[in-house]
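Visitor: Got a structure for you, questions after.
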């Protein structure tokens, strides 16, 4: 039968068409993936065009070989391994996403429930701390410093040896956006050209959505070196205007902070870095933050509350004196920087 040609009768045309359709279906929907199916389809089309018996026979053998390979243990193992590996990868991603507060479906950031509970408590206490007379604990704000337009207040902190602290002053800037950039951007606050005398370094560790961040900060030594540098890990929220948060001022912003425990909170925030063994880790209690309210086109009221525990073996009297002085000095430096920047 070698070299035997088929005469193009209606039956043979139908057979050739059927053969090509079979090959096309096997190519599109068959169990074989990759270059082998392309070769089998090419041989089938060539046989149909040539109309030669041996060509059809060769095409059948090619398809039998391709299909036999598709059913081999090695091929089946590879085929099943691919989706299994994909499913495993998706499971790992979903698990990590859940721990990190990410939506596995969209990959967008979302603050985990543990973080929301912490920051909501701090936000509520901070708003109460903004009261000009009493703190969130119902304790009276006492004026400690009043110099260069900066007022430093303190209030007793029930259950703690340290105090709650509040600073108020007015500042100038061309816009709220530029003011916030100067005050909250660590690159602006620290380094050779930074203005913050209280802060040595700072960086954003994690961002959750539009409003929430986790920051790591190292303070400068205080009280002439009697208080060494401290390391802080804080969860922060920032809202611009009442459309984002009802207590945020019109044409202003409101932030709140709360400290995180690098060990305890790592369970819901795996990206939390390890503390630097060269520093004592301080604590930021709930109720701290900053509110900036517009007083005019380029004038703003600045209000800040902080509730820190420096930890370590430091007498309370030393901490209170050092905190009052450090807050005054850092805000003097802040206003001097803003005056120079927006003169």
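In our numbering, the protein residues as written are -11 to 331.
Just so it is clear, CB atoms sit at the ideal spot from N, CA and C, and this is done for glycine as well.
Keep in mind that this is a model prediction, so the values were computed, not measured.
Can you list, in chain order, the stretches of the beta strand (DSSP E) that have 3 or more residues and sit fully within the segment 89 to 152?
Guide: With a minimum length of 3 residues, the continuous beta strand (DSSP E) runs that stay inside the segment 89 to 152 are 130 to 135, 138 to 144.
Visitor: Buried or exposed for residue 93, please, with buried defined as at least 16 other CB atoms from any protein chain shown within 10 angstroms of its CB.
Guide: Here residue 93 scores only 41 on pLDDT, less than 50, and its place in the model is too uncertain to base an answer on.
Visitor: Around the C-beta of residue 121, are 16 or more other C-beta atoms found within 10 angstroms, so that it is buried, or is it exposed?
Guide: So residue 121 counts as exposed.
Visitor: Rounding to the nearest angstrom, what Cα-Cα distance links residue 296 and residue 281 in this structure?
Guide: Residue 296 and residue 281: Cα-Cα distance of roughly 24 Å.
Visitor: Under 6 Å Cβ to Cβ from residue 248, same chain only, skipping five residues before and after it: list those, please.
Guide: Closer than 6 Å at Cβ, skipping near neighbours: 221, 223.
Visitor: What's the call for residue 151, buried or exposed, on a 16-neighbour Cβ count within 10 Å?
Guide: So residue 151 counts as buried.
Visitor: Would you mind reading off the limits of the alpha helix (DSSP H) that contains residue 322?
Guide: Here the alpha helix (DSSP H) through residue 322 covers 304 to 329.
Visitor: By Cβ distance below 6 Å, which residues in the same chain neighbour residue 109 in space, the five residues on each side in sequence not counted?
Guide: Taken in chain order, the residues that qualify are 274.
Visitor: Determine contact between the segment 139 to 157 and the segment 309 to 327, defined as no fewer than three beta-carbon pairs at a distance below 8 Å.
Guide: Because the criterion of three Cβ pairs below 8 Å is met, the segment 139 to 157 and the segment 309 to 327 touch.
Visitor: If you count every other CB in all the chains shown that lies within 10 Å of the CB of residue 245, and 16 or more means buried, which is it?
Guide: Burial call: buried.
Visitor: At the level of alpha carbons, what is the spacing between residue 96 and residue 170?
Guide: Below a pLDDT of 50, predicted positions are generally treated as unreliable, and residue 96, at 48, falls in that range; no measurement from the model is reported.
Visitor: Would you be able to state if there are at least three C-beta pairs under 8 Å between the segment 228 to 246 and the segment 104 to 118?
Guide: Enough Cβ pairs lie closer than 8 Å, so yes.
Visitor: Since residue 276 and residue 304 should fall inside the 8 Å C-beta cutoff, what is the C-beta to C-beta distance between them, to a whole number of angstroms?
Guide: No, residue 276 and residue 304 are not in contact; Cβ-Cβ is about 19 Å, not under 8 Å.
Visitor: Tell me whether residue 34 sits in a helix, a strand or coil according to DSSP, three-state version.
Guide: In this structure, residue 34 counts as helix in the three-state DSSP scheme.
Visitor: For residue 124 versus residue 137, is the C-beta distance shorter than 7 Å?
Guide: Cβ atoms of residue 124 and residue 137: not closer than 7 Å.
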